[in-house]
Each structure stands twice: as structure tokens, then as C-alpha cells.
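**Q** Per my numbering, the very first residue in the sequence shown carries number 16; after that it's consecutive.
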Amino acid sequence: MSRELPPQQAFQTHCLAQMGVVSWLSIDKNESATDSVSGTVFMPVQPWPIDMDAPSNSSFADSYRDQPSAGFRSAEPVPAPMPKLSPEEKEPLVHNLREQLNAGPEIIVEDLQPIEELAVDIVVEPDPTLNTQITRLNIHAYALSNKLLILSDVPQVFTQAEDIERLALKMGQALLKQPIDEWQGSAFTWPGQLRNPYFLNRTDWLFGALESYVGRLVKDFPETPWLVLAGAQITQLVEDLPPESFLKQYPTAHIVSLSELYRIPELRKDAWQVMQSSFFR
16 MSRELPPQQA
26 FQTHCLAQMG
36 VVSWLSIDKN
46 ESATDSVSGT
56 VFMPVQPWPI
66 DMDAPSNSSF
76 ADSYRDQPSA
86 GFRSAEPVPA
96 PMPKLSPEEK
106 EPLVHNLREQ
116 LNAGPEIIVE
126 DLQPIEELAV
136 DIVVEPDPTL
146 NTQITRLNIH
156 AYALSNKLLI
166 LSDVPQVFTQ
176 AEDIERLALK
186 MGQALLKQPI
196 DEWQGSAFTW
206 PGQLRNPYFL
216 NRTDWLFGAL
226 ESYVGRLVKD
236 FPETPWLVLA
246 GAQITQLVED
256 LPPESFLKQY
266 PTAHIVSLSE
276 LYRIPELRKD
286 AWQVMQSSFF
296 R
């Protein structure tokens, strides 16, 4: 007795036949094992579309083989394989160190001799000792007509700046015998804002600062300036400068400070005579 199978069972029968099973036994209550069955399997020529640009079967198989297996642990990174080292490489011996270094031609091996420390005499230059007792300085400077420079001591607490300025202009006009059309005034203080007590003993720094300050004032003077030192401190400080200092090369007049000349007018006559004898010999 034969019967027609539905398409699903017919396809199963076809697959079993491809695997070598010649008969498919399906025993129901009213059927025997010897009943023959038949069915029609409708198989398309190519059930799956083929991409002509896809890689070949061998490359696809290789790429599939390289992919990690699916599962819950597939997202974990694959640990890198540990290189296998020989026992000698794991625990290198000290006596083989020279052989290992000599094996590389780019490595230069020198004799590992003990380093000898040589005593070197370090010459420490002493601080320059300069013969001066001036450690603090407060002066006002007046550059008049690019020819006359007045450096005057002023008190630390000084309130007559405008009066002293007018006195310096009148003195310069009388000395140069011409109106003062161009002039500038400024102040110099040492150590000023410097709070390091080390500066009090380095009078050479004071000398350098004073020379730099005066150099900026007279840099535009076309000729050698006339220098008026007004006050005991600035006079003593310039006298203590080294002989090669440019401040000692100027024609110089030594008078009392301008603040004293302002407070004591009787001193102006003596100061005028000193300036006349210094610049007009």
C-alpha cells in the first residue's frame, strides 16, 4: 500500500535518502512497516542567491575559522600567547653576560673597572672688597639741555620735590647761560624694593646700578656732560668708584645737596662759585 506524503515529510525522506537511508519507516496504528510511501519534492535550481563578488569558498572558510566561537564568552579578548623561553633565557646567568654582549656587533663592551673620583680644586672667587661705607642711597637726577647732569642727595622722606626741581632748573639756566627747553628728572634709590639683606654687603652691585642709571640719562648727550654732585653721599660714592669708571672722566663740581640750598639760601653763593671754578677755568 502506498500513500502520498506531504511536502515536509517528502523533503525529510529525500534528505534521508541522501544520507543512505533507503526507506523511511513511519508506523501509525493502521499502517504497517512495509507500506511504501512516496512524495514529490519541489527543489529550486538555486535556493539561495549567490553574490558573484563574494570571496571564494576557501577564503570564506578561512575567515570563518578565524572567527571566535559564538557564545557568552565570545566578546572577551583572546589572551596573547606567551612566548616560550628556555630555562637559560628565563634565568640568565651572570657569567654568560659577556658572551651575550659580545654576540651583538653593535654593542661595545668595555672593561668594567671601578670609577676613581679625582679631587678637583674648585676656585671660589671672593666677593670684591670695595672701599666704601655707602650702603643706602637716595638721589634725584636732573638732565638739562643734553649738557648738564645734576645728581643730588635727598632725604628718605622728601616732600619738596617741586621746589627742588625749580631750583635745579634755575641753577642750570644760570650755569649754561641759556633757557632750559629740554630736561628730564628722575629718582634713584638703593636698595629700593629689594629686601634681600645680601645686597647691603655687595657694594659692587650698588656701583653697577648707579653707573647703569647714569648711563641711561646721558646716552643722548652729544658731548661730554657736565656733572654736578650735590650732597655728601653721592660725592663719596662717586669717589669710591674704580678709577676706570666713566663717571670719573666728566668735568665735576661738588656742592651741598639741593635740599640744603633750598632751606639755606646763604649756601647758594658758595655753590655758585664752586661750579664756576669747575666748569670755567
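Yeah, the Cβ is synthetic: ideal placement off N, Cα and C, and Gly gets one too.
This one's a predicted model, so the numbers in the text were calculated from it and none came from an experiment.
Assess contact between the segment 270–288 and the segment 210–224, defined as three or more Cβ pairs (one per stretch) separated by less than 8 Å. Is contact present?
**A** Short answer: they don't touch.
**Q** Rounded to whole angstroms, what's the CA-CA distance from residue 250 to residue 136? Just pull it up for me.
**A** By 1-based counting over the sequence shown, the position of residue 250 is 235. By 1-based counting over the sequence shown, the position of residue 136 is 121. Taking the straight line joining both Cα atoms gives about 42 Å.
**Q** Expressed to the nearest angstrom, what Euclidean distance is found between the alpha-carbon atoms of residue 169 and residue 261?
**A** For the purposes of this step, residue 169 is identified with residue 154 of the sequence shown, where counting begins at 1. For the purposes of this step, residue 261 is identified with residue 246 of the sequence shown, where counting begins at 1. When rounded, the distance between both Cα atoms is 23 Å.
**Q** Measure the C-alpha to C-alpha separation of residue 48 and residue 24 and round it to an integer number of angstroms.
**A** To locate residue 48, count along the sequence shown from 1; it is residue 33. To locate residue 24, count along the sequence shown from 1; it is residue 9. In this prediction, residue 48 scores a pLDDT of 49, lower than 50, which makes its location untrustworthy; the coordinate-derived value is nonetheless stated afterwards. Taking the straight line from one Cα to the other gives about 16 Å.
**Q** To the nearest angstrom, how far is the alpha carbon of residue 204 from that of residue 134?
**A** Numbered from its first residue, the sequence shown carries residue 204 at position 189. Numbered from its first residue, the sequence shown carries residue 134 at position 119. Using only the alpha carbons, I get a separation of about 45 Å.
**Q** Buried or exposed: which applies to residue 267, given that a residue is buried once 16 or more other Cβ atoms fall within 10 Å of its Cβ?
**A** Numbered from 1 along the sequence shown, position 252 holds the residue referred to as residue 267. So residue 267 ends up on the buried side.
**Q** Locate the alpha helix (DSSP H) running through residue 182, then write down its first and last residues.
**A** As a first step, residue 182 is located in the sequence shown; it is residue number 167 there, counting from the start. Looking at the DSSP string, the run of the alpha helix (DSSP H) that includes residue 182 is 176–191.
**Q** Is residue 164 near residue 265, with beta carbons less than 9 Å apart?
**A** Working through the sequence shown from its first residue, we reach residue 164 at position 149. Working through the sequence shown from its first residue, we reach residue 265 at position 250. Yes; because the gap between Cβ atoms is below 9 Å, this pair is in contact.
**Q** So which of 114, 276, 213, 285 has the shortest CA-CA distance to residue 175?
**A** The residue given as residue 175 occupies position 160 in the sequence shown. Of 114, 276, 213, 285, the residue nearest in Cα terms is 276.
**Q** Within its chain, find whatever has a CB closer than 7 Å to the CB of residue 283; leave out the 5 residues flanking it on each side and keep chain order.
**A** Within the sequence shown, numbered from 1, the residue matching residue 283 stands at position 268. Closer than 7 Å at Cβ, skipping near neighbours: 276.
**Q** Measuring only the C-alpha atoms, how far is residue 304 from residue 213?
**A** Here the chain has residues from 16 to 296 only, and residue 304 is not among them.
**Q** Considering residue 134, what are the terminal residues of the alpha helix (DSSP H) in which it resides?
**A** Position 119 of the sequence shown, counted from the first residue, corresponds to residue 134. Segment: none, residue 134 is in no alpha helix (DSSP H) and carries neither H nor E.
**Q** What are the residues that DSSP puts in a beta bridge with residue 200?
**A** For this step, residue 200 is matched to residue 185 along the sequence shown. DSSP output for residue 200 lists 157 as bridge partner(s).
**Q** What are the partner residues of residue 245, as DSSP defines its beta bridges?
**A** The count along the sequence shown starts at 1 and reaches residue 245 at position 230. Paired residue(s): 167, 270.
**Q** So what does DSSP say about residue 13, is it helix, strand or coil?
**A** Outside the shown range of the chain (16 to 296) lies residue 13, about which nothing can therefore be said.
**Q** Secondary structure at residue 20, three-state DSSP: helix, strand or coil?
**A** Looking up residue 20 in the sequence shown gives position 5. Note: residue 20 maps to coil in three-state DSSP.
**Q** Among 197, 35, 244, 226, which one has its Cα closest to the Cα of residue 259?
**A** By 1-based counting over the sequence shown, the position of residue 259 is 244. When only C-alpha atoms are compared, the closest one is 226.
**Q** Taking buried to mean at least 16 other C-beta atoms within 10 Å of its own C-beta, is residue 201 buried or exposed?
**A** Translated into positions along the sequence shown, residue 201 becomes position 186. Its Cβ having fewer than 16 others within 10 Å, residue 201 is exposed.
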